[in-house]
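Below is one structure, written out as structure tokens; the observations come after it.
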Amino acid sequence: MNTICPSCKSAIAIEDINVSTDLALCRACGRTFRFSEIVDGGSASGADLNSPPPGAWFEPLPDGFCVGATTRSWMAVFFIPFTCAWSGMSMYGIYWKQIESGNFSFLESVFGLPFLIGTCFLVAGCVLMTAGKVTITQASDRLSIFTGVGWLGLTRNYSLSDFRSVREDFVTGLFSFSANRQGRTIALEGKRRITFGTLWSADRRYFVLGVLRSKLSGASHSSLGTMATPRFR
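In this text, residue positions in the sequence shown follow the numbering used here: the first is 46, and each later residue adds one.
Okay, here's the thing in structure tokens:
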């Protein structure tokens, strides 16, 4: 999804956005803006809870809510063969040959550790792109973020009062430009900073971002009853 200039409504290129200084330049009209303000006022300002995009969901809970989206992506078609080729050749050349010959080299094994670690990340990415999901659950003052497949995965637990804002941000990393070409993520900030949703497609990411903003700001949705105490902008 493009970043839109609030003045002339032209698209702002990613190269004209400096996240570190929170500035964005619109070359069409020559004006500069705070990037966070453009994002906060954009299409992620709300979400239709009754019409989530394909692969996303929302569920109200007695003392909170649960929102999430699958990390499945068509990029797995390219990512899986690359992982098989890169990891297969490196693991065979470094470790499997040692196992076959029965002669183990300490230096060669240590040299292969970065390739082994890289293989673990690549395999994890393939699994997430094929059958993964990220789920955010808020219950009273507890905020849990689950990343994994089915019930197997990693759950991070936080106190809701630790956060004061939620926004879209840029991220760099192994999977930042795989399913998500622009390397965007959702950031919760306050006493601490956490990010998630890098592997989400734009429509799923903006739906979850809109839900978090509306629900955690205390926005009123009559069909869902009383919202949480206002904490987020």
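We treat Cβ as the ideally placed atom computed from N, Cα and C, and that holds for glycine. These numbers come from a predicted model, not from an experiment.
| query | result |
| --- | --- |
| Answer with buried or exposed for L106, where buried requires no fewer than 16 other C-beta atoms within 10 angstroms of its C-beta. | exposed |
| Just to check my reading of the structure: F215 and R229 have Cβ atoms closer than 8 Å, yes? What is that Cβ distance to the nearest angstrom? | 6 Å |
| What are the start and end residues of the alpha helix (DSSP H) that includes Y137? | Here Y137 belongs to no alpha helix (DSSP H), and DSSP marks it neither H nor E. |
| Going by the CB atoms, is the gap between A121 and C171 shorter than 8 Å? | yes |
| If the criterion is Cβ atoms closer than 8 Å, does the pair S210 and D186 meet it? | no |
| Give the DSSP bridge partners of K236, in chain order. | DSSP, once it has assigned bridges, lists no residue as partnering K236. |
| Going by DSSP, what residue range makes up the alpha helix (DSSP H) through D248? | 247-261 |
| Return yes when the Cβ of V253 is within less than 8 Å of the Cβ of G242, no when it is not. | yes |
| In three-state terms, what does DSSP make of L158? | helix |
| I need the straight-line Cα distance from L5 to C111, nearest angstrom please. | Since the first and last residues shown for the chain are 46 and 278, residue 5 lies out of range. |
| Kindly indicate which three-state DSSP category A56 falls into: helix, strand or coil? | strand |
| Quick one: measure Cβ to Cβ for L244 and M134, integer angstroms, because I've assumed they're closer than 8 Å. | Contact doesn't hold; Cβ gap of about 25 Å is too wide. |
| Can you have a look at A224 and say buried or exposed, based on whether 16 or more other CB atoms are within 10 angstroms of its CB? | Low per-residue confidence applies at A224: pLDDT is 44, beneath 50, and the placement is therefore not dependable, though the value from the model is reported in the following sentence. That one is buried. |
| Helix, strand or coil for A73? Go by DSSP, reduced to three states. | coil |
| Compute the beta-carbon to beta-carbon distance between T48 and I62, rounded to the nearest angstrom, for a pair I have assumed lies under 8 Å. | 6 Å |
| On the three-state DSSP scale, how would you describe T128? | helix |
| When the distance is taken between beta carbons, is I231 closer than 8 Å to E213? | yes |
| For S96, which of helix, strand or coil comes out of DSSP? | coil |
| Can you check DSSP and say which residues form a bridge with C111? | E104, T182 |
| Please report the distance separating the alpha-carbon of L199 from that of I181. | 12 Å |
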